[in-house]
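Undergrad: I have a structure here, written as structure tokens, and I will follow up with some questions on it.
Numbering (mature numbering (1 follows the signal peptide of the UniProt record, and there is no 0)), first residue to last: -26 to -1, 1 to 328.
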């Protein structure tokens, strides 16, 4: 009996490993950048416990800010310096960019437009320390909320002595006139709903906007996609801990999956909630037959099972069924033989008793 169980388990394990092989991934090794950066505290720093710049501004009043850049190796290192503005990434996270196309129309005078990088290129070597300077010139008119971004100190990939790897140091930068809480936005708008191919996947996108000059934090959302004709909910997505940058927008994604997208009219319903407010949105949109066909054709994620896998799977299943059947037949024969032996022993004992 133990031998039979062992054979069955071995067959099942072998089939599982064949159909679902395991993979391992090597860890990326870290690299030393060859320099380090430190923000020099400003006299206008709102919160002195922060290691990033959180600067109080006065309309039209210019300020100079300094970052110390220190070499941590003998060889020279060339560094590119720039400023990037805060925006909301596609996953609902606070990110930074130098691409103005990603900024929302509600963002006026972004941080990159009021901060000038005085040293866009810096070279340090032999453990020396230099200063990178920035000039902050706020608008002449008062502005509400905050302007948010980051100072980037990146290895210059054009330098032949350095292998370009995209590594960089970043120092956060927030400008405010009042120093009031900036993580309590209470406005959320649904601008659009549509279907698109994103990263090779068929997606339903809901464009959400935070039009306030404050961060909209700890946002939780539930989205339902309903086929208007059938009344059936075809997709549902839940998420939490979304963070929207001040004056930004992002596309909330609903992955359609590997099945073909179906043409029709759909109703997108979203329920969103933050510690400061809650919202309910509905938006109707249509996926035309041409759009559906195009998306299904373009999608890189399709269920295509190679013929050889189908054949091998069928063979493995036949072998498993055959072996299992043989083991069951053998077991029944053995049980019948044991029963016959038991009866013979019983009859023999009766005869001996007489």
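By construction, the Cβ of each residue, glycine as well, lies at the ideal position given by its N, Cα and C atoms.
For the beta strand (DSSP E) that residue 60 lies in, which residues bound it at each end?
TA: Unbroken beta strand (DSSP E) run through residue 60: 51 to 62.
Undergrad: Name the two residues that bound the continuous alpha helix (DSSP H) containing residue 267.
TA: It spans 263 to 272 - the alpha helix (DSSP H) in which residue 267 sits, taken as one unbroken run.
Undergrad: In three-state DSSP terms, what is residue 114?
TA: Coil.
Undergrad: Please name the residue, chosen from 186, 187, 181, that lies closest to residue 197 on a Cα-to-Cα basis.
TA: Closest by alpha carbon: 181.
Undergrad: For residue 310, name the three-state secondary structure that DSSP assigns.
TA: Here residue 310 sits in helix by DSSP.
Undergrad: What's the call for residue 319, buried or exposed, on a 16-neighbour Cβ count within 10 Å?
TA: So residue 319 ends up on the exposed side.
Undergrad: Grab the span of the beta strand (DSSP E) containing residue 190 for me, first residue to last.
TA: 190 to 201 is the span of the beta strand (DSSP E), which, as asked, contains residue 190.
Undergrad: Might you give, ordered along the chain, the residues of its own chain that have their beta carbon closer than 6 Å to the beta carbon of residue 161, omitting 5 neighbours on each side?
TA: Counting only Cβ-Cβ distances below 6 Å, and skipping sequence neighbours, we find 185, 186.
Undergrad: Look at residue 172 and residue 227 and say whether their C-beta atoms are less than 8 Å apart.
TA: Going by C-beta atoms, residue 172 is nearer than 8 Å to residue 227.
Undergrad: For residue -19 and residue 310, what's the separation of their Cα atoms in angstroms?
TA: Caution is warranted here: a pLDDT of 46 is assigned to residue -19, below 50, making its placement in the model unreliable, and the coordinate value is therefore given only provisionally. Taking the straight line from one Cα to the other gives about 22 Å.
Undergrad: Helix, strand or coil, according to DSSP, for residue 173 in the structure here?
TA: Looking at residue 173 - three-state DSSP - the assignment turns out to be coil, as it is neither helix nor strand.
Undergrad: Three or more C-beta pairs closer than 8 Å, one from the segment 50 to 62 and one from the segment 124 to 131: is that the case here?
TA: The segment 50 to 62, when compared against the segment 124 to 131, does touch it at the 8 Å Cβ threshold.
Undergrad: Give every residue of the same chain whose Cβ lies closer than 6 Å to the Cβ of residue 272, excluding the five residues on either side of it in the sequence, and list them in chain order.
TA: The answer, listed in chain order, is 171.
Undergrad: Could you check the C-alpha separation between residue 47 and residue 90 for me, to the nearest Å?
TA: Taking the straight line joining both Cα atoms gives about 29 Å.
Undergrad: Take residue 239 as the anchor and find which of 145, 220, 208 has the nearest alpha-carbon.
TA: Considering only alpha carbons, the answer is 208.
Undergrad: Ends of the alpha helix (DSSP H) at residue 88?
TA: 85 to 88 is the span of the alpha helix (DSSP H), which, as asked, contains residue 88.
Undergrad: Shortest alpha-carbon distance to residue 102 belongs to which of 74, 254, 8?
TA: Closest by alpha carbon: 8.
Undergrad: Kindly give me the distance between the Cβ atoms of residue 221 and residue 78, rounded to whole angstroms, as I take these residues to be in contact under 8 Å.
TA: Indeed, because the Cβ distance is near 5 Å, the residues count as touching under 8 Å.
Undergrad: Determine the contact status of residue 34 and residue 112, defining contact as a CB-CB distance below 8 Å.
TA: Yes, the Cβ-Cβ distance between residue 34 and residue 112 is below 8 Å.
Undergrad: Counting only the same chain and skipping the five closest in sequence on each side, list residues whose C-beta sits under 8 Å from that of residue 22.
TA: Result list for residue 22: 15, in chain order.
Undergrad: DSSP beta-bridge partners for residue 229?
TA: 177.
Undergrad: Hey, residue 267 and residue 256 are a contact pair by Cβ (cut 8 Å); roughly how many whole angstroms apart?
TA: So it is not a contact: roughly 27 Å between Cβ atoms.
Undergrad: Measure from the alpha carbon of residue 38 to the alpha carbon of each residue in 30, 76, 175, then state which is nearest.
TA: If we check each option's Cα against that of residue 38, 30 comes out closest.
Undergrad: Report yes if the CB atom of residue 236 is closer than 8 Å to the CB atom of residue 145, and no otherwise.
TA: No.
Undergrad: Since residue 162 is in the beta strand (DSSP E), which residue starts that stretch and which ends it?
TA: Counting along the chain, residue 162 falls outside any beta strand (DSSP E), and DSSP gives it neither H nor E.
Undergrad: Between residue 193 and residue 218, how many whole angstroms is the CB-CB distance? I'm expecting something under 8 Å.
TA: Rounded, the Cβ-Cβ distance is 7 Å, consistent with contact.
Undergrad: State the Cα-Cα distance for the pair residue 247 and residue 66, rounded to the nearest angstrom.
TA: Taking the straight line from one Cα to the other gives about 14 Å.
Undergrad: My output table needs one value for residue 299: the three-state DSSP class, helix, strand or coil.
TA: Three-state result, residue 299: helix.
Undergrad: Does the beta-carbon of residue 84 have 16 or more other beta-carbons within 10 angstroms, so that it is buried, or is it exposed?
TA: Label assigned to residue 84: buried.
Undergrad: Tell me the DSSP secondary structure of residue 14 in three-state form.
TA: Coil.
Undergrad: From residue 183 to residue 176, what does the alpha carbon distance come to, in whole angstroms?
TA: Looking at the two C-alpha atoms, the distance is approximately 22 Å.
Undergrad: With a threshold of 6 Å on Cβ separation, who are the neighbours of residue 230 within its own chain once the five nearest residues in sequence on each side are excluded?
TA: Counting only Cβ-Cβ distances below 6 Å, and skipping sequence neighbours, we find 176.
Undergrad: Suppose the cutoff is 6 Å on Cβ atoms and the five residues either side in sequence are ignored; what does the same chain contact list for residue 26 look like?
TA: Cβ neighbours of residue 26 beyond the five flanking positions: 145, 146.
Undergrad: Below 8 Å between beta carbons: does that hold for residue 188 and residue 151?
TA: Not in contact: residue 188 and residue 151 (Cβ atoms no closer than 8 Å).
Undergrad: Quick check: residue 223 and residue 82, are their CB atoms within less than 8 Å of each other?
TA: The answer is no: Cβ separation not under 8 Å.
Undergrad: Here's the rule: buried if 16 or more other CB atoms are within 10 angstroms of the residue's CB, otherwise exposed. What is residue 110?
TA: Buried, because 16 or more other Cβ atoms sit within 10 Å of the Cβ of residue 110.
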